[in-house]
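**Q** Pasting in a structure now, in structure tokens, and then I'll have a few things to ask.
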Amino acid sequence: RNNIKFQKVDWYDSALIIENVKEEKIRELDIYNNGEIYLQSLSSMLPPIVLEPKPGENILDMTAAPGGKTTQIAAISNNEAMITACEKNKIRADRLKYNLDKQCANRVNLMYEDARKLDDMFSFDKILLDAPCSGSGTMNIFQKNFTMDLVKRTLKIQEELLNKALRLLKPGHEMIYSTCSILKEEN
1 RNNIKFQKVD WYDSALIIEN VKEEKIRELD IYNNGEIYLQ SLSSMLPPIV
51 LEPKPGENIL DMTAAPGGKT TQIAAISNNE AMITACEKNK IRADRLKYNL
101 DKQCANRVNL MYEDARKLDD MFSFDKILLD APCSGSGTMN IFQKNFTMDL
151 VKRTLKIQEE LLNKALRLLK PGHEMIYSTC SILKEEN
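Right under this line is the structure:
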């Protein structure tokens, strides 16, 4: 109806690749504004797919904003998983809440909290840790914001989040760890 050409994605029925229009055009459509679709890269869709959320599971999304993976977890579980979504940054958490509401992901408990500070009494069936990173896998690494100090800071945060996740994950259950950093470790 809107003359938008697309390809189906062989490995995920809920994904389409838009071929002939920019995101701005998609954002003008009612189906976008009504929350019937969400714009997201294919690579970002992989962690929730691999997580395989099921109805009734208690799932933690440790660094949830802006909400694409969180809402996808809700959708895959038919909005029947109990999801805890953490975001420490107020502006990003507000964007997360907006997307949760827009996508009708109504079984999500949003915590304006750094997941590293969650009480160890919590226990989850599954955890998604899409770790904050240097962004080296998604940007030109020669940009001025990319520094070794940034890499060191994000490495420390990743280690702390991973250690917390392992304490919060029920024994014998699964965690998905993803990041877009692709730097080689120096010895």
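Numbering (the numbering used here), first residue to last: 1 to 187. Ideal Cβ positions, reconstructed from N, Cα and C, are used throughout, including at glycine.
Let me make sure I understand the geometry here. Which of Ile176, Glu87, Asp149 and Leu150 has the alpha-carbon closest to that of Leu162?
**A** If we check each option's Cα against that of Leu162, Ile176 comes out closest.
**Q** When you compare only the Cα positions, how much space is there between Leu110 and Glu87?
**A** Each residue's alpha carbon lies about 8 angstroms from the other.
**Q** Could you check how far apart the C-beta atoms of Val108 and Leu100 are, in whole angstroms? I think they sit under 8 angstroms.
**A** Between Leu100 and Val108 the Cβ distance is about 5 angstroms, and since that is below 8 angstroms, they are a contact.
**Q** What number of angstroms, rounded off, separates the C-alpha of Lys69 from the C-alpha of Pro171?
**A** Rounded to the nearest angstrom, the two C-alpha atoms are 24 angstroms apart.
**Q** For Phe122, which beta-bridge partners are listed by DSSP?
**A** DSSP output for Phe122 lists no bridge partner at all.
**Q** My understanding is that Ile17 touches Val9, with C-beta atoms under 8 angstroms, so please give their C-beta distance in whole angstroms.
**A** Going by Cβ atoms, the distance from Ile17 to Val9 rounds to 6 angstroms, so yes, they are a contact pair.
**Q** Report yes if the C-beta distance between Arg95 and Ala65 is below 8 angstroms; otherwise report no.
**A** It is a contact, given that the beta carbons lie within the stated cut-off.
**Q** Count the other C-beta atoms from every protein chain shown that fall within 10 angstroms of the C-beta of Gln7, then say buried if there are 16 or more, exposed otherwise.
**A** With fewer than 16 other Cβ atoms within 10 Å, it is exposed.
**Q** Have a look at Glu155 and Pro53 and give me their C-alpha separation to the nearest angstrom.
**A** The sequence given here places Leu at residue 155; Glu does not occur at that position. Roughly 27 angstroms separates the two Cα atoms.
**Q** Rounded to the nearest angstrom, what separates Ala75 and Arg167 at their Cα positions?
**A** Cα to Cα, Ala75 sits roughly 27 angstroms from Arg167.
**Q** Could you name the residues of the same chain whose beta carbon sits closer than 7 angstroms to that of Tyr38, not counting the 5 residues immediately before and after it, in chain order?
**A** Closer than 7 angstroms at Cβ, skipping near neighbours: Gly68, Thr71 and Gln103.
**Q** Count the other CB atoms within 10 Å of the CB of Lys126; is the residue buried (16 or more) or exposed (fewer)?
**A** When all chains shown are included, Lys126 counts as buried.
**Q** Per DSSP, Glu28 is paired with what?
**A** Bridge partners of Glu28: none, in fact.
**Q** With a threshold of 16 other CB atoms inside 10 Å of the CB of Thr63, please say whether the residue is buried or exposed.
**A** It is buried - the Cβ of Thr63 has at least 16 other Cβ atoms within 10 Å.
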